[in-house]
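Under the UniProt record's numbering, the letters of the sequence shown match residues 1 to 304, in that order. The C-beta atom is built at its ideal place from N, Cα and C for all residues, glycine as well. A quick note: this is a predicted structure, and the numbers were derived from the prediction, not measured. This report refers to the structure that appears directly beneath it.
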Amino acid sequence: MQQVHQHQFGVEHYYIPFFVVVPSAPAYVLDSDETYTVEVTSSVHTQFVANGNLTVHVYAASTPGQSTNHEFTYDVNLGDVKSAIRSRSLDGWLRYFMGEARDGFIETRVIHAQLKFKFSGAKTAVFKPGMPFEGHVYVMYDDDQALTSDKLAGANTITLRPVVTSTNGQMKTLSEIKVPAKGEYLNHHQQEDGNKYSKEYDNWMEHQIEDVKFNQFRATGVYNFRFSVPKDAKSMRISATYKDGDGDKATAELQAVPFYSAKEMYAHVETSTEYGQLGENVVIHLRSNFEFQVYSYVVSSSVK
């Protein structure tokens with residue numbers, strides 16, 4: 001028994017155009033920028049030079065009641081064209097495409113230049129007295145657009161100042177946490193009498209460690225900080241300041257309260273194994289302010 005299956009489908013004829021127009025522009029510009037640069041490239045699929053007019057339209061959502069029009073003229077230096085094709089004359093190189101037009105489109109986002117500098121998580125953090133405290137602080141533009149890596153690398157410094165209030169009411173300022181600009185380092189051994197090469201090697205090693213430590217912030221704008229909280233801490237406040245070479249400055253503040261424990265017994269668990277592999281050991285760090293002999297743990301995993 002013979003069976004016949006019929007299917008309908010569309011067929012389109014594709015042809016390579018004589019030339020294409022490809023505009024390029026930055027993904028976003030700041031509202032404080034004075035200029036907006038767009039590059040337009042015309043690719044001709046023949047050995048001849050295309051001669052024509054280029055028209056660039058810039059559309060923007062304007063404020064109600066405002067109407068502004070601008071006209072720009074761009075002249076092509078024929079001497080540059082001769083140099084590009086390595087010819088003394090353009091005779092015979094021109095081909096006119098009468099009536100042929102190609103369109104290109106690109107969109108650029110205008111973002112607010114004001115910076116947003118905040119601590120991640122809840123407005124009020126929770127800490128355990130005598131235990132490590134860890135958190136994140138991030139910087140971005142006000143409309144959540146990420147800063148460029150060049151701007152982050154040029155940041156003069158990020159400074160975090162933790163201040164704790166003890167149970168007796170005294171305030172104590174802990175050691176500052178700083179993120180220096182790229183190329184600057186917190187640790188640098190002064191050259192003294194002794195082994196010159198040993199000092200240079202120590203500096204080089206510590207500089208490499210600092211570059212790795214601050215690399216995440218310089219790439220993403222997110223900095224992970226960590227410090228130990230005193231045992232008698234009753235409350236804590238962390239103030240942070242961001243500065244960069246462009247003169248931009250932003251501040252943030254985080255309040256923290258102690259974790260509630262009726263008997264003031266605290267435990268802290270973390271791991272130094274970032275990427276666990278099957279068949280390998282995982283290093284777990286357990287810290288507490290009370291003595292115990294046995295502890296239990298649960299291993300959970302997600303299946304993708």
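Open item on the list: For F292, count the other beta carbons within 10 Å of its own beta carbon; 16 or more makes it buried, fewer makes it exposed. Which is it?
Closed with: exposed
Open item on the list: What does the alpha-carbon distance come out to for the pair Q145 and H285?
Closed with: 37 Å
Open item on the list: For S235 and S261, I'd like the C-alpha separation in whole angstroms.
Closed with: 15 Å
Open item on the list: So, for D193: in the same chain, excluding its five sequence neighbours on each side, which residues have a beta-carbon less than 8 Å away from its beta-carbon?
Closed with: Its pLDDT being 49, under 50, D193 is placed unreliably by the model, and nothing is read from it.
Task: Which of helix, strand or coil DSSP assigns to R287 - done: strand
- [ ] Put R218 into one of helix, strand or coil per three-state DSSP.
- [x] helix
TODO: List the endpoints of the continuous beta strand (DSSP E) containing I106.
DONE: Annotation for I106: no beta strand (DSSP E) segment contains it, and DSSP assigns it neither H nor E.
TODO: Closer than 8 Å by C-beta to D150: which residues in its own chain qualify, once you throw out the five before and the five after it? Chain order, please.
DONE: none
Task: CB contact flag (Y242, F117, <8 Å) - done: Yes; because the gap between Cβ atoms is below 8 Å, this pair is in contact.
Task: Which listed residue (R161, L30, S42) has its alpha carbon closest to that of E253 - done: R161
- [ ] Kindly indicate which three-state DSSP category G121 falls into: helix, strand or coil?
- [x] coil
TODO: Please work out which residues of its chain come closer than 6 Å, Cβ to Cβ, to N224, disregarding the five sequence neighbours upstream and downstream, and give them in chain order.
DONE: H136
Task: Beta-carbon proximity of H112 to Y138, cut-off 8 Å - done: Their beta carbons are not under 8 Å apart, which means H112 does not touch Y138 by this criterion.
- [ ] Taking 8 Å as the cut-off, decide whether the C-beta atoms of R226 and Q255 are in contact.
- [x] no
TODO: Give the range of the alpha helix (DSSP H) segment to which S149 is assigned.
DONE: 149 to 153
TODO: Would you mind working out which of A250, S87, E107 sits nearest A60, comparing C-alpha positions?
DONE: E107
- [ ] Taking all protein chains shown into account, decide if V58 is buried (16 or more other Cβ within 10 angstroms of its Cβ) or exposed.
- [x] Flag for V58 reads exposed.
- [ ] Could you spell out the range, first to last residue, of the beta strand (DSSP E) harbouring V22?
- [x] 19 to 24
TODO: With DSSP as the reference, label Q191 as helix, strand or coil.
DONE: Its pLDDT being 49, under 50, Q191 is placed unreliably by the model, and the measurement read from it follows with that caveat. Reduced to three states, the DSSP call for Q191 is coil.
Task: Neighbourhood of S300 by C-beta distance below 6 Å, restricted to the same chain and skipping five residues each side - done: none
Task: Backbone secondary structure at L54 - three-state DSSP - done: Residue state, collapsed to three classes: coil.
Open item on the list: Can you tell me whether S83 is helix, strand or coil according to DSSP?
Closed with: In this structure, S83 counts as helix in the three-state DSSP scheme.
Open item on the list: At the level of alpha carbons, what is the spacing between L278 and V4?
Closed with: 54 Å
TODO: Using three-state DSSP, classify E39 as helix, strand or coil.
DONE: strand
Task: Three-way DSSP call (helix, strand, coil) for Q293 in this model - done: coil
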